[in-house]
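**Student:**
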């Protein structure tokens, strides 16, 4: 009986130790698991922050259009009797003309600037184009610069509406009569050294060029300067001036040079 009691007590103490060790191991496992889960959750949160902060780069892929011929498919249709009634509005869109978008679309800002150049009385605010991440869109910036250059090249020249009747520039550029040409060979045009006022000298110059003079000389002077700009930019008259200058130089040094 005593032996049986000692055996039971020893077995019970051994089981208590085993249960305690198992509980301790399980508790350590739970603590380690929670620490690992907390670390992984922090890492996942950091990964999600990187995902939200990432902005992909827009890469424009260049495409190449290659024409190709479809396979011939014979079909039997009705004979055209040429008695079709045309549309009353004459709209053949889809029949003779395809309304398809172009490969390179127009920039709305550039189109607005072109309309403002054509219609000078528009009082709306100027459109401003904004580009996000300009450091990543170099091609878009270069395309904008080229569009602005093309807009400046296609811009019509400034025109002035005169309040008085003024002669045409092409008419003023015509040759003078032969009598006046012969007179200019012996006589010189009046220079700025004349003892007259600036207004009187302006009237003399305008009269020589057949430009009418009114009470206000601003429009007449504008015609004069426009005529001067046309002569200066004309390649024909530029060549004539160079030839005349060359002939004058040859006449001055003709006695001191020998051409073979």
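Numbering (my numbering), first residue to last: 58 to 317. Cβ atoms here follow ideal geometry from the backbone N, Cα and C, with glycine treated the same way.
1. With a 10 Å radius around its C-beta and 16 neighbouring C-beta atoms as the bar for buried, classify residue 277 as buried or exposed.
2. Are residue 168 and residue 223 close, meaning C-beta to C-beta below 7 Å?
3. Around the Cβ of residue 275, are there at least 16 other Cβ atoms within 10 angstroms (buried) or fewer (exposed)?
4. Let me check understanding here. Comparing Cα to Cα, which of 234, 232, 164 lies closest to residue 335?
5. The alpha helix (DSSP H) that contains residue 217, what's its start and end?
6. Do the CB positions of residue 363 and residue 166 come within less than 7 Å of each other?
7. Within a Cβ cutoff of 8 Å, which residues of the same chain sit near residue 300, ignoring the five residues on either side of it in sequence?
8. Given that a residue counts as buried once 16 or more other Cβ atoms are within 10 Å of its Cβ, and exposed if not, what is residue 268?
9. DSSP on residue 150, reduced to helix/strand/coil?
10. Expressed to the nearest angstrom, what Euclidean distance is found between the alpha-carbon atoms of residue 294 and residue 231?
11. Taking the C-alpha atoms as reference points, what is the distance between residue 254 and residue 209?
12. Taking Cβ to Cβ, would you say residue 36 is nearer than 7 Å to residue 261?
13. I need the straight-line Cα distance from residue 110 to residue 190, nearest angstrom please.
14. For a test of the three-state rule: what should DSSP assign to residue 187, helix, strand or coil?
15. Which residue comes first and which comes last in the alpha helix (DSSP H) that contains residue 258?
16. Provide the residue span of the alpha helix (DSSP H) that contains residue 170, from first to last.
17. Please classify residue 295: does DSSP put it in a helix, a strand, or coil?
18. If the criterion is Cβ atoms closer than 7 Å, does the pair residue 271 and residue 221 meet it?
19. Let me check understanding here. Comparing Cα to Cα, which of 123, 258, 89 lies closest to residue 250?
20. Helix, strand or coil: how does DSSP classify residue 233 here?
21. Might you give, ordered along the chain, the residues of its own chain that have their beta carbon closer than 7 Å to the beta carbon of residue 86, omitting 5 neighbours on each side?
**Tutor:** In brief:
1. Sequence index remark: in the chain shown, residue 277 carries index 220 (1-based). With 16 or more other Cβ atoms within 10 Å, it is buried.
2. Position 111 of the chain shown, counting from 1, holds the residue named residue 168. Position 166 of the chain shown, counting from 1, holds the residue named residue 223. The answer is no: Cβ separation not under 7 Å.
3. Within the chain shown, residue 275 is the residue found at index 218, counting from 1. With fewer than 16 other Cβ atoms within 10 Å, it is exposed.
4. Any question about residue 335 goes unanswered here, given that the chain covers just 58 to 317.
5. Residue 217 sits at position 160 when you count from the first residue of the chain shown. Neither: residue 217 is in no alpha helix (DSSP H) and is coded neither H nor E.
6. The structure shown has nothing for residue 363, since the chain only spans 58 to 317.
7. Within the chain shown, numbered from 1, the residue matching residue 300 stands at position 243. There are no such residues.
8. Taking the chain shown and counting its residues from 1, the one referred to as residue 268 is at position 211. Buried, since its Cβ has 16 or more Cβ neighbours within 10 Å.
9. Indexing the chain shown from 1 puts residue 150 at position 93. Looking at residue 150 - three-state DSSP - the assignment turns out to be strand.
10. Position 237 of the chain shown, counted from the first residue, corresponds to residue 294. Position 174 of the chain shown, counted from the first residue, corresponds to residue 231. When rounded, the distance between both Cα atoms is 12 Å.
11. By 1-based counting over the chain shown, the position of residue 254 is 197. By 1-based counting over the chain shown, the position of residue 209 is 152. For residue 254 and residue 209, the distance between alpha carbons rounds to 41 Å.
12. It is not possible to answer for residue 36, since the shown part of the chain is limited to 58 through 317.
13. Position 53 of the chain shown holds residue 110. Position 133 of the chain shown holds residue 190. Using only the alpha carbons, I get a separation of about 14 Å.
14. By one-based count along the chain shown, residue 187 stands at place 130. Note: residue 187 maps to coil in three-state DSSP.
15. Residue 258 sits at position 201 when you count from the first residue of the chain shown. Taken as a continuous stretch (DSSP letters only), the alpha helix (DSSP H) holding residue 258 covers 255-265.
16. The residue given as residue 170 occupies position 113 in the chain shown. From DSSP, the alpha helix (DSSP H) with residue 170 extends over 165-175.
17. As a first step, residue 295 is located in the chain shown; it is residue number 238 there, counting from the start. Correct three-state label for residue 295: helix.
18. To locate residue 271, count along the chain shown from 1; it is residue 214. To locate residue 221, count along the chain shown from 1; it is residue 164. Cβ distance < 7 Å, so residue 271 and residue 221 count as in contact.
19. Position 193 of the chain shown, counted from the start, is the residue given in the question as residue 250. Checked all of 123, 258, 89; the closest Cα to residue 250 is 258.
20. To locate residue 233, count along the chain shown from 1; it is residue 176. If DSSP states are grouped into helix, strand and coil, residue 233 belongs with coil.
21. For the purposes of this step, residue 86 is taken as residue 29 along the chain shown, with counting starting at 1. Here the set comprises nothing.
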